[in-house]
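Novice:
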Amino acid sequence: MDDTAFDTPSSPSFSSAESFSGDHSITSSLDNKTRGRKTPSRVASERPPITQGGLLSAHEARIAFDVARAALPAFGSLPGADERCIVGLSKWLSEVPPTVRTSYIAGLWALEGSAVLSHGRPFSRLSPAIQTDFLEKRQQSKSYVERTLLQALVTPLKWLHFDAAEMSAHVGCRYELPTVRDEKPRWQSQVMNGREATEDMELECEVVVVGTGAGGAAAAYELASRGRAVLMLEEGDYHARSKFRGRFADAAGTLYRDNAMTIALGNVGIPVWAGRAVGGSTVINSGTCYRAPARIFERWQREFGLPEGLSEKGLSPYYEKVEQMLGVAPADPQYTGRIASIIARGSNALGYSHGVLHRNAAGCDGQGVCCFGCPTGAKRSTDVSYVPQALLRGAQLITAAKVQKVDIEKGRARGVTATLHGKDGPKKLRVKADVVLVAGGTLMTPLLLKRSGACKTSRMLGKNLSIHPASKVLALFDEAVRQWDGIPQSYQIEQFADEGLLFEGASVPYDLAATAVPWIGPRFMEIMERFPNLATFGFMIEDTSRGEVREGPGGSPLMLYSLNAHDTARMQKGIEILTEVFQAAGARRVFPFAAGHDDVSTKGALERLKKSRLKPGDFDVTAFHPLGTCRVGTDPRASCINPEHEAHDVGGLYVADGSAVPSALGRNPQMTIMAMALRAAEIIDSRLA
8 MDDTAFDTPS SPSFSSAESF SGDHSITSSL DNKTRGRKTP SRVASERPPI
58 TQGGLLSAHE ARIAFDVARA ALPAFGSLPG ADERCIVGLS KWLSEVPPTV
108 RTSYIAGLWA LEGSAVLSHG RPFSRLSPAI QTDFLEKRQQ SKSYVERTLL
158 QALVTPLKWL HFDAAEMSAH VGCRYELPTV RDEKPRWQSQ VMNGREATED
208 MELECEVVVV GTGAGGAAAA YELASRGRAV LMLEEGDYHA RSKFRGRFAD
258 AAGTLYRDNA MTIALGNVGI PVWAGRAVGG STVINSGTCY RAPARIFERW
308 QREFGLPEGL SEKGLSPYYE KVEQMLGVAP ADPQYTGRIA SIIARGSNAL
358 GYSHGVLHRN AAGCDGQGVC CFGCPTGAKR STDVSYVPQA LLRGAQLITA
408 AKVQKVDIEK GRARGVTATL HGKDGPKKLR VKADVVLVAG GTLMTPLLLK
458 RSGACKTSRM LGKNLSIHPA SKVLALFDEA VRQWDGIPQS YQIEQFADEG
508 LLFEGASVPY DLAATAVPWI GPRFMEIMER FPNLATFGFM IEDTSRGEVR
558 EGPGGSPLML YSLNAHDTAR MQKGIEILTE VFQAAGARRV FPFAAGHDDV
608 STKGALERLK KSRLKPGDFD VTAFHPLGTC RVGTDPRASC INPEHEAHDV
658 GGLYVADGSA VPSALGRNPQ MTIMAMALRA AEIIDSRLA
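Numbering (my numbering), first residue to last: 8 to 696.
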């Protein structure tokens with residue numbers, strides 16, 4: 008972190024004994040082994056001076072500092088939050104989208120002012136003990152708004168506090184990976200870094216492909232293999248393996264769209280992870296590989312009138328090609344980690360079917376950082392599979408190239424106009440092409456098409472958004488789990504897949520684990536001290552809820568999405584099932600973190616959970632697989648592209664990414680997107696002269 012600091016007025020001195028009552032520390036204890044343990048006392052002193060600067064005023068820095076100290080106190084071997092959090096917060100705010108920065112600072116002031124209503128004084132003027140009590144009540148509030156505001160303020164502070172080598176050392180886990188040596192294969196001569204552009208450019212090709220994720224890379228490879236002149240354009244950068252150090256802090260700014268701050272807004276805020284790099288979201292996924300189930304294809308034919316080519320049988324040959332390219336195989340049992348044996352134990356006790364996942368990483372050595380870029384290159388994301396193979400076959404690639412619009416003349420796509428992030432300022436790139444294939448992803452493709460004036464006849468452009476909402480349950484065991492060792496997503500419970508519920512591993516590093524626990528104060532720090540014994544497992548649903556994507560500030564995607572009653576009930580069922588599996592596996596404590604059901608460690612507590620009716624804001628939700636915003640179909644009014652992937656109203660304009668997938672799949676969609684893209688490329692090739 009940069010050493011930016013802030014000024015803050017001094018305040019009365021305090022120690023940990025003043026901050027937390029004995030009652031609080033006892034009731035927050037996780038088990039009898041830790042009850043009565045004294046937390047390390049802070050040295051009684053005034054708040055450390057924080058030099059003003061950066062994006063926070065002195066007053067704002069003081070509010071943030073007080074929130075951090077109250078939410079993250081010292082406990083056991085773990086030190087409490089200090090000035091480093093505020094230094095890191097300033098840097099983080101300078102990197103996130105402006106809307107996020109503005110909202111965070113507004114949240115600080117909202118918290119500051121809300122204390123006046125209840126205590127007659129601003130939050131930063133309350134005593135440390137009252138500040139802690141104030142935040143605890145908000146964390147346990149029945150109000151979703153109050154809980155969400157607090158979580159939005161505290162989550163970055165948790166991540167920043169635990170994103171440090173010394174914090175990882177306290178619990179014995181790895182902080183980052185050693186730097187690997189980069190190779191320089193000959194296909195790199197086919198890559199131009201748009202950041203090095205010094206002048207405007209005009210190029211010509213047969214097919215220009217926008218995006219290098221699952222769809223764009225697969226299509227580019229297939230077309231290049233057939234001798235077509237292919238140019239790939241990618242908004243992000245081509246990252247060498249030496250950049251993959253296994254840290255979220257590094258990956259968020261380089262591999263994720265909008266610093267991993269793309270959030271769907273509705274009756275619950277849902278982070279929707281999306282990649283922005285050569286390889287797209289395949290660089291940051293867990294490598295899980297599925298074919299779509301037969302019932303999905305049957306639905307496509309029944310509801311959307313899709314032809315045999317987009318059926319289970321029709322796509323099977325393309326799936327086979329994808330599986331061969333990616334080296335899809337079951338996860339190696341020696342790297343599935345302790346979590347696999349725990350889930351197997353609980354599933355066996357309950358009679359549930361379970362097993363290892365299929366992945367695209369045959370040489371995986373279980374370093375556990377799949378979502379931050381694979382440092383060994385074992386995971387065959389498109390940056391190490393389809394893209395290099397396309398380049399070896401004559402395709403070219405320009406990185407740091409943001410496509411502004413598709414150039415349409417007389418109802419036909421004739422190329423694209425893009426901006427390069429050049430050395431001395433933006434440069435214009437104009438590409439003339441016979442065919443434009445857009446594969447910018449479910450969030451960005453509809454925005455580009457709308458800016459370009461395409462798909463005007465369709466009522467579905469940007470609509471029909473599905474996201475596979477997901478959640479997780481944590482459990483504390485007497486045995487060491489060490490969830491940072493092994494493949495983060497290697498195992499599954501298959502029993503409920505046909506019901507639209509798929510349970511998969513969800514292990515995360517220490518700093519991200521901190522953000523996954525919605526608690527604050529001593530009980531939060533206590534559970535983080537027990538991290539080596541903590542197990543995490545997740546699930547996602549095949550959602551029936553639908554949202555939409557619009558263009559937000561600065562061209563970023565603005566997602567609107569609300570969970571319907573059906574999906575909310577299914578999410579609750581997932582929490583209940585996973586809680587029961589952990590109980591059956593012998594967990595000491597089980598934490599679904601559902602409102603009113605933070606700790607469900609007994610059969611009685613589980614029965615109370617089952618009898619409750621959770622609301623969308625009562626549990627943490629995240630999402631990973633946005634689909635459907637430019638869906639394929641036969642009706643121009645109800646779809647954007649036809650079954651050949653060509654826009655209904657613009658000739659020569661094709662779409663081959665997650666936005667083309669017409670419905671939720673209930674599982675990782677990357678193989679389905681690739682299979683559909685290979686088929687689309689085959690059609691495009693047949694139509695070119």
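The C-beta atom is built at its ideal place from N, Cα and C for all residues, glycine as well. All of these numbers come straight from a predicted model, not from anything done at the bench.
Less than 7 Å between the C-beta atoms of GLY222 and THR289, yes or no?
Specialist: No, the pair does not count as a contact, with Cβ atoms beyond the cut-off.
Novice: Can you say whether THR609 is buried or exposed, counting buried as having 16 or more other CB atoms within 10 angstroms of its CB?
Specialist: The residue in question, THR609, is exposed, as its Cβ has fewer than 16 Cβ neighbours within 10 Å.
Novice: Which one or two residues does DSSP pair with ASP414 in a beta bridge?
Specialist: The partner list for ASP414 (beta bridge, DSSP) reads GLY422.
Novice: Roughly how many angstroms lie between the CA atoms of PRO105 and SER97, to the nearest whole one?
Specialist: Roughly 13 Å between the two C-alpha positions.
Novice: By Cβ distance, which residues of its chain are closer than 6 Å to LEU398, with the 5 residues on each side in sequence left out?
Specialist: Hits under 6 Å: TRP194, GLN197.
Novice: Who are the Cβ neighbours of PRO476 in its own chain at under 7 Å, not counting the five residues just before and after it?
Specialist: Once the five neighbours on either side are set aside, the close Cβ partners of PRO476 are ILE277, MET547, ILE548, ASP550, LEU570, ASP574, MET578, VAL628, ALA630.
Novice: With ASP73 as the anchor, note down where its alpha helix (DSSP H) starts and where it stops.
Specialist: Where ASP73 is concerned, the enclosing alpha helix (DSSP H) stretches over 65-78.
Novice: In whole angstroms, what is the alpha-carbon distance linking ALA171 and TYR182?
Specialist: C-alpha separation (whole angstroms): 7 Å.
Novice: Would you be able to state if there are at least three C-beta pairs under 8 Å between the stretch 264-274 and the stretch 200-207?
Specialist: No, they do not touch.
Novice: Using 7 Å as the threshold, is the C-beta distance between VAL668 and GLY635 below it?
Specialist: Yes; because the gap between Cβ atoms is below 7 Å, this pair is in contact.
Novice: For TRP307, which residues of its own chain have a beta-carbon under 8 Å away from its beta-carbon, when the five flanking residues on both sides are left out?
Specialist: Hits under 8 Å: LEU313, LEU317, SER318, PRO669, SER670.
Novice: Given HIS655, which residues of its chain have a CB within under 8 Å of its CB, disregarding the five upstream and five downstream residues?
Specialist: Only CYS462, THR464, SER465, PRO643, SER646, CYS647, ILE648, ASN649 meet the Cβ criterion.
Novice: Return the Cβ separation of SER249 and THR186 in integer angstroms, given the expectation that the two are a contact with Cβ distance under 8 Å.
Specialist: Indeed they touch by this definition, with Cβ atoms about 5 Å apart.
Novice: Figure out for me which residue from ALA687, THR641, VAL657 has the closest Cα to the Cα of ALA663.
Specialist: Looking at the Cα atoms, ALA687 is the closest of the given residues.
Novice: With respect to the alpha helix (DSSP H) encompassing CYS92, which residues constitute its N-terminal and C-terminal limits?
Specialist: Unbroken alpha helix (DSSP H) run through CYS92: 90-102.
Novice: Which runs of the alpha helix (DSSP H) at least 4 residues long sit entirely within the stretch 101-159? Give them in chain order.
Specialist: Fully enclosed alpha helix (DSSP H) runs of 4 or longer: 105-126, 135-146.
Novice: For the ligand HEM, is there any heavy atom lying closer than 6 Å to the beta carbon of TYR326?
Specialist: Absence of the ligand HEM is noted for the structure shown, with no ligands found whatsoever.
Novice: Which residue's Cα is closest to the Cα of GLU536: ALA176, GLY282, ALA385, ALA420?
Specialist: Per the Cα distances, ALA176.
Novice: What do you get for GLU416, buried or exposed, if any count of 16 or more other CB atoms within 10 angstroms of its CB means buried?
Specialist: Exposed, since its Cβ has fewer than 16 Cβ neighbours within 10 Å.
Novice: Reducing DSSP to helix, strand and coil, say where ASP692 ends up.
Specialist: ASP692: helix per DSSP, three-state reduction.
Novice: Quick check on this structure: which residue in LYS412, PRO163, VAL445, HIS365 has the alpha carbon closest to the alpha carbon of PRO340?
Specialist: For the residues LYS412, PRO163, VAL445, HIS365, the minimum Cα distance to PRO340 belongs to HIS365.
Novice: Going by beta-carbon coordinates alone, are ALA407 and VAL443 separated by less than 7 Å?
Specialist: Contact flag unset, no.
Novice: Helix, strand or coil, according to DSSP, for ASP627 in the structure here?
Specialist: Residue state, collapsed to three classes: coil.
Novice: Excluding five sequence neighbours on each side, which residues of the same chain lie with their C-beta closer than 6 Å to the C-beta of GLU689?
Specialist: Here the set comprises nothing.
Novice: Can you grab the Cα-Cα spacing for the pair ASP485 / ALA594, in whole Å?
Specialist: If you take the alpha carbons of ASP485 and ALA594, they lie about 8 Å apart.
Novice: Got a sec? Which residues, its chain only, sit under 6 Å from ALA357 by beta carbon, not counting five neighbours each side?
Specialist: The question names Ala, but residue 357 in the sequence shown is Leu. Taken in chain order, the residues that qualify are ALA591.
Novice: Applying the criterion that 16 or more other CB atoms from any shown protein chain within 10 Å of the CB defines a buried residue, is GLN331 buried or exposed?
Specialist: Flag for GLN331 reads exposed.
Novice: Quick check: the Cα distance between ARG264 and PHE589, rounded to an integer number of angstroms?
Specialist: Their backbone Cα atoms lie some 34 Å apart in a straight line.
Novice: Whole angstroms is fine: what's the gap from LYS3's alpha carbon to ALA78's?
Specialist: Not covered by the structure: residue 3. The range shown for the chain is 8 to 696.
Novice: Assign LEU567 to buried or exposed, taking buried as 16 or more other Cβ atoms, counted over all protein chains shown, within 10 Å of its Cβ.
Specialist: The residue in question, LEU567, is exposed, as its Cβ has fewer than 16 Cβ neighbours within 10 Å.
Novice: Hey, would you say GLY373 sits closer than 7 Å to GLY260, going by beta carbons?
Specialist: Not a contact, by the Cβ cut-off of 7 Å.
Novice: Rounded to whole angstroms, what is the Cα-Cα separation between GLU501 and ALA225?
Specialist: When rounded, the distance between both Cα atoms is 29 Å.
Novice: State the DSSP-derived secondary structure class of ASN709, mapped to helix, strand or coil.
Specialist: Outside the shown range of the chain (8 to 696) lies residue 709, about which nothing can therefore be said.
Novice: For GLY5, tell me which candidate among THR389, GLU229, LEU456, LYS435 has the shortest Cα-Cα distance.
Specialist: The structure shown does not extend to residue 5, since the chain is modelled only from 8 through 696, so no value can be given for it.
Novice: Who pairs with VAL438 in a beta bridge, going by DSSP?
Specialist: DSSP, once it has assigned bridges, lists LEU210, VAL423 as partnering VAL438.
Novice: Would you kindly check if the distance between the Cβ of PRO192 and the Cβ of TRP99 is under 7 Å?
Specialist: Not in contact: TRP99 and PRO192 (Cβ atoms no closer than 7 Å).
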